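Residue numbers (the numbering used here): -2 to 1066.
A virtual CB, placed ideally from N, CA and C, is assigned to each residue, including glycine.
Model, not experiment: these values are computed from the prediction.
Below you'll find the structure, written out as C-alpha cells, and then a few comments.
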Amino acid sequence: MIEMIDFREFEIIEALAGSGKTQELMFRFLRLMKSGADPKTILATTFSRKAAGEIRDRIIESLAKAVLDTDELDLLIKHVPEIEDGQEGCELLLRELSSSMHRLNIGTIDSFFVKTAQYFSDALEMTPGWSILDEAHEEEVFTTAVVAMTKEHKNTNHFANLLRWSKSGAKVPIGKTLSEMQRQAYTSVRDTDASAWLWGESYPTMSNDDVVSAIHYLSTMSTDKKYQASDLLKAIKKLQCRDWKAFVTSGMASKVLDKTYQYYKQDIDPHIVEALEPLVEHAVGVMANRLIAKNKGTYELMHDLNKCWIEAKHDRGLYSFDDVTYRLSFINVMQNLSELQFRLDNSIDHLLIDEFQDTSLTQWSVLKPIIDEIYQSESDRSLFVVGDVKQSLYGFRGGEPALLRTLHKRLDHAEIRKLDKSWRCSPPVLDAVNTIFENAHDAGLLKDHSEGAAENWQEDFIHHESAKPNRLGYAVIETAGANNEELEEKKSSLALTVEKVVEIVSNIHKNAPKAEIGILVRGNTKQQIQRIVNALRTNKDHPVLAAEFGGNPLTDSPAVTVILSALLMADDPGNTTARFHVCSSPLAAHLEMKWNGSDKEYASACRKIRRRLVSNGYAVVVSEFAEQLIGSVDERERLRLWQLIELAESKSGDVGPSGGLRPSEFVQLVKETQVPDPASSLVQVMTVHKSKGLSFDAVVVCDLDQPIWKAPKLMEVHEDPCEPPVHVGMYASEYLDCAIPEYEQMRGEMQSQQVNDALCLLYVAMTRAKHALHMVIPSRTSKKHLKRLDGLLLQIIGEDQAQEPDTIVWKAKGSKQDWYCELSDSTHAEKPKTVEPFSLLPSSDDEVFQGHGVASSSPSSLEGGGKVKISERFDGKTNTSFSWGTVTHYWFEEIEWLGGVTPSVESLVASAPKEEAVLLGEEKLRAAAKSFVTAIESESIKALLTKPEENVAVFNEQTFALRVEKGTDFASVSMNELTDVRGSIDRLVVYYDEEGNPIRGEVIDWKTDSFDASLREERVEHYAPQLASYRLAASQLLGIDAREISTKLVFVKNHKIVQLDEKTHLTAS
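Encoded structure:
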C-alpha cells in the first residue's frame, strides 16, 4: 500500500492565478515516484506543450537543486515528505527519471489522445500511417471536400436554397460560405443529435392578398400626432418593400411587438395599433420561419460537409486533433480499459490533469471512463485535478468550466483544496484585482445584461492575498491622451491608446531594460498588435525592441531567404528570381552554378537538390545549405538558420496531400510559421487569450474600448451544462423571442455566458502582472457608462464615464512608481548590440564575401548627386510617403502584363503589405489604391504594361550586386573608391532573339513623388545617377552592351514617362 502523510488519493485543487498549481502538480508527481509508483503508470496532462515542458523541467530542476543544496532539500521535503533518504535519495530519483525520460507520460491532452488513437487506428477506422493535419494542408483538404460536396448535390436548386437559407442572403459564394459555416457550426452539428437542430414548427402567416389588403388598410390611417404620422409613412414604405425585419424592429411596430404601445412617450392611437397588429404578427412569422429554415439548412449543409470532409481526410490520411478526440469519444474505445492497457503496454494508475476548466465535453467523454475506473478501483490508484474556473477563456473552443464546478459531485470522496495565496502578483496588483472583482456584482451593465450572472462568477472568487507581501508594485487605471484641437488631422482612439502604451513601456524600459513587459489587447481586428510593435520599435525618444508573441516568420532573416530560394529553384527551375538570388550568395559555389553559367549546369543543380530532398529530407538539405552561409553571417542570423533547421527537422516525417511536402509547400510553411526571436522576447504584444499561463514584471492592458460582449454566431441551451445542448440555433436578435420561446431560453444562457467570459477575460489580463499593472482606457466626454470594457471598469470603481485625458483615474493602495528598483538590472541599461545585415554579392570568378575594406552603396543613395538635405531626410512626412511608395511598388510588382482586367480598390487594399498598411492608415491606403488604379488606366502607363509582340520576359524587383572601380561615373556622380553597389530594379523587361539570347533591355523605375510640372526636369536630373547604376547592372546581368539598355522614369501620380537614355551616361575608369 502507498502510505503518505496528508496524501489524498483523490484530490481537486481549486487555484487562483499565480498560486503555484504547476508546482503542486510537480510535488504530486514526486510523491508518487517516492512512494514506489512506476513512472510509466503516471499520466500528467495539460493544455499546451509549453506547460507540459515546464512541468517536466520543474520536476528535474527541483531534484537537481535538492541534490546540490541542503536548503533546497529542506524546502522540497516540506512538500514531499516521502523523501526520507535525503540527498542520496534525491540523486537516485533523479537518475531514475533521467534514464526514463522517454517513458514519462507528461504532455498535452491532445498528445495523449493521438498516442491512444495510433494504437487503436484499426478500431477507429483511420487510414494506416495517418498523421496530424496542419495548417499548410488544411485548406487543400477542405477545398477537396467542398468540390466533392457540390458534385454530390444533383439537385442544384436545393443546394442553392440551403446556402441561401444558411446565410440569409441572395448572393452566396460557395467556398467562402461553407468555410465560414464550418468555423461557426460544424462542430456543433457533428457533436449533437439531429433533434437539437431540427426543431421548431412553421409559424402561421397571411397570404399575399391578405398582406396587400392589410398594408392598404394601414395606409388609410391618419393621426394628428407628429411623430406617429411620420413613422406611419416609413412603416408603409418598409412593408411595400417587404423589409419585414426593418419594419418590426423599429418605429411604432416595435412598440406593438413589445406591447408597450407608446411611441415618443405618447400612446399610439388604438386604430393604428389595430391596423399594425396583424402585420407585426405576419412579419414575426416570416422572420421566424426564415430562421427555422436557416437552422435546418445549416444542419443539412454541415451534415453533408462532414461526410465529404471525413472522406477527404481518409483519402490523405490526415486528421486534426479535434477529429482524433471525436473519434475516440464516438467509437467508445476507452470503455474497454483492459484493451487500452494492453495496447498502450501499461496501465494508467495515477491521473494528473492540469487546467481542467478548459476541458471540452468531447474530451470529457474520452477521459470519463478512465476517471470513473480509477475512482471506483480498490487498488492504489489516484486522481489529481487542478483548475481555476475564473481563467476559463476557451468557451469558443468548447471548454466547459461547469465540468470543474461539478466534479466534486461525481467524486464525492475527493478532497477539495483551495490555493488562496498568489506567489506571482504584488499587493498593489492584487488590490486592483480585489477591487474590480469583489464589486463586479454592483455593475449595472452586468445586471442589465444577465441578472445574477456576476454573482455566480463571484462564487468562485475569494479575496486574493500575496504570498510576497513586501514585493514592490504599482497598479493604475489611466486614460490615454486626446486630440489637439489646433491640429486639423484627428487621431483615432486606437492611435491615442498606442501613444500612451509607448509612453508607459518606454518609461519602464528606460529604468529596467531587462524587465519582462507584456502588452495585452482584446483582439487584433484592427492590427492593434502590429501597430503597437511598430510604434515601440520606431519611437524616436526611446526605441524598444518589441515583438508579437510567438515571434515572426524566419523570412525576417536574409540568410534564410537564400535557402528558401534554393528550394523554390529546385521546385520550379523556371523561377529566375530564385536562381539569381542563389547565384548571388555563397550557396552558388556549393551547388556549382553561376548566373551566366550553362543551362545544363543549372538543371543539374536543381536535380541535385530534388534528389537530396527525396533521399535525405529537408533537415539534412537545409543543414547542408546553412553550413555554406554560417561563416558569412552574424550571431542572430546563425540563430535563425539553426531555427530553420529545427523547423525542417520537425517536418521531416510530414506526409502531405501530395505524398510529401513539395519544396514550394515547405517554403510556404516557413513563411507562415512564427518562430520566437530571443532578441525581442522581453517586450511582447499579444491577445489576452495568448497570455494565459504567462507572467510579466509589468503588464499594460489596452484596447479596452472594445464592446464587453459581441453577438455570437451560434446559440445553445443546455438542461445540464455537462451534457450536449438540447437546442441549437444560429444567432438571431431578441425580437423573435416572443415567437420562438426556445430562443428566449438560448438567449438567457448566452447572456449569462457573456458576463462570465467578460469577467474571465479581465481577470486573466490583470493577473499576468508580477509587479506593475497599467490599464489604459480612452478619455471620453460621455456621461453614460458605455457597454464597453472601459465603461465596465469605471462603473465598478464608481467613476463617471467622462474622464480627462492623460489622467490616473484610480490607483491601488501601496503603489510605488519606482517599483522597478526591486529588479536587479534596473540601474544599468545595456547598450543594444548592433546587428549587421547579411549581404549578397554577385557570383563571379572572384571570391565572394571578401568585402573587407570595400565601400558599399545603393542606387537610391546616388539620387541628387549623392546629396540629400537633412531637412528632407528627417521630414515628418517621410514615413507616410515611404509607405505610399512601398505599397505602390508592391502592386506594380504583382503585374507582369495588363490582361485587360483592372484590379479593384478593395482588392488592392486587402493585398497591401501589413506593416505599410498600418503606417498609412485606412484613409491614405485607399487613396493610394485609387491613385494606382487611375495610373494603370492612363494611356501612357497602360501602353507601358501592355505586352509587345516581340519575345520578351519581365523581371519585377530584380535584385543585383556589382562592384565598380574608382572613377566610374553614374551621370553626375563619380565613385571615389572601389565600391559595391547593391539594389533592385523595379521592372526589367528583356527582349530576346529567336535563339533566346538577350538583345536589349528596358529598365523601368516607378516614382510616387508629387511635384509641380515646372520642376520635372530637376527631378529627372535628381534620379539620373540611380537609373545609370540600374543600366550598368542590367547590362552585366544580361551580358549585353549598356547602350542596348533603355531607362525610363515613370511618375505614377502624374502619369508621365520620361526616357533618360541621354542622361544616364556611364563612364568607366
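Using the rule of at least 16 other Cβ atoms within 10 Å of the residue's Cβ for burial, across every protein chain shown, is residue i buried or exposed?
| i | result |
| --- | --- |
| glycine 15 | buried |
| cysteine 818 | exposed |
| lysine 252 | buried |
| phenylalanine 577 | buried |
| proline 839 | The pLDDT assigned to proline 839 is 42, lower than 50, so where the model puts this residue is not dependable; a value taken from the coordinates is nonetheless given after this. Buried, because 16 or more other Cβ atoms sit within 10 Å of the Cβ of proline 839. |
| serine 1011 | exposed |
| proline 125 | exposed |
| aspartate 445 | exposed |
| glutamate 992 | exposed |
Whole angstroms is fine: what's the gap from residue i's alpha carbon to residue j's?
| i | j | result |
| --- | --- | --- |
| glutamate 801 | serine 489 | 16 angstroms |
| alanine 926 | proline 709 | 33 angstroms |
| glycine 918 | valine 530 | 15 angstroms |
| valine 951 | lysine 911 | 26 angstroms |
| phenylalanine 724 | glutamine 703 | First, the residue type needs correcting, since residue 724 is histidine and not phenylalanine in the sequence shown. One C-alpha to the other measures close to 30 angstroms. |
| arginine 777 | leucine 679 | 32 angstroms |
| glutamate 11 | leucine 517 | 26 angstroms |
| histidine 460 | asparagine 436 | 11 angstroms |
| valine 1055 | arginine 1013 | 9 angstroms |
| alanine 1039 | alanine 1025 | 10 angstroms |
| arginine 468 | aspartate 815 | 12 angstroms |
| aspartate 797 | glycine 470 | 26 angstroms |
| glycine 86 | aspartate 3 | 21 angstroms |
| proline 106 | serine 335 | In the sequence as presented, proline is not what sits at residue 106; that position holds isoleucine. So the alpha carbons of these two residues sit roughly 20 angstroms apart. |
| tyrosine 258 | isoleucine 793 | 35 angstroms |
| serine 118 | glutamate 137 | 24 angstroms |
| serine 96 | asparagine 102 | 14 angstroms |
| glycine 294 | tryptophan 194 | 10 angstroms |
Is residue i helix, strand or coil by DSSP?
| i | result |
| --- | --- |
| tyrosine 224 | helix |
| methionine 772 | strand |
| tyrosine 316 | strand |
| isoleucine 1042 | strand |
| glutamine 742 | helix |
| serine 32 | coil |
| histidine 715 | coil |
| arginine 960 | strand |
| glutamate 999 | strand |
| phenylalanine 458 | coil |
| phenylalanine 4 | coil |
| tyrosine 615 | helix |
| asparagine 1077 | Look at the range of the chain in this structure, -2 to 1066, and you will see that residue 1077 is not part of it. |
| isoleucine 516 | strand |
| arginine 187 | helix |
| glutamate 205 | The sequence given here has asparagine at residue 205, not glutamate. Correct three-state label for asparagine 205: helix. |
| leucine 101 | coil |
| alanine 543 | strand |
By alpha-carbon positions, which one of the options ends up nearest to residue i?
| i | options | result |
| --- | --- | --- |
| valine 430 | Ala762, Glu796, Glu920, Val806 | Ala762 |
| asparagine 753 | Phe434, Ile74, Ala250 | Phe434 |
| tryptophan 731 | His578, Leu565, Val723, Tyr740 | The amino acid at residue 731 is misidentified as tryptophan; the sequence shows glutamate. Selected option, being the one with the closest Cα: Tyr740. |
| glutamate 545 | Pro1022, Gln524, Ala563, Thr141 | Gln524 |
| glutamate 934 | Leu288, Thr899, Glu51 | Thr899 |
| histidine 99 | Arg53, Glu69, Val617 | Arg53 |
| leucine 130 | Leu975, Ser317, Leu298 | Ser317 |
| leucine 711 | Asp694, Pro718, Met743, Leu22 | Met743 |
| glutamate 21 | Ile39, His76, Ala48 | His76 |
| alanine 968 | Val208, Thr931, Tyr1027 | Tyr1027 |
| threonine 931 | Arg1016, Leu905, Leu315 | Leu905 |
| methionine 727 | Leu72, Ile289, Pro540, Ala63 | Ile289 |
| methionine 203 | Trp196, Gly441, Ile212 | Ile212 |
| Complete runs of the beta strand (DSSP E) confined to the region 677 to 703 [at least 3 residues] | 680 to 684, 693 to 698
| What residue ranges within the region 756 to 824 form continuous alpha helix (DSSP H) runs of no fewer than 4 residues, ordered along the chain? | 786 to 793
| beta strand (DSSP E) segments (min. 3 residues) lying fully within the region 268 to 298 | None, since the region 268 to 298 contains no complete beta strand (DSSP E) of that length.
| said: Give the list of continuous alpha helix (DSSP H) stretches no shorter than 4 residues that lie fully inside the region 892 to 969. | reply: 902 to 908, 911 to 934, 936 to 941
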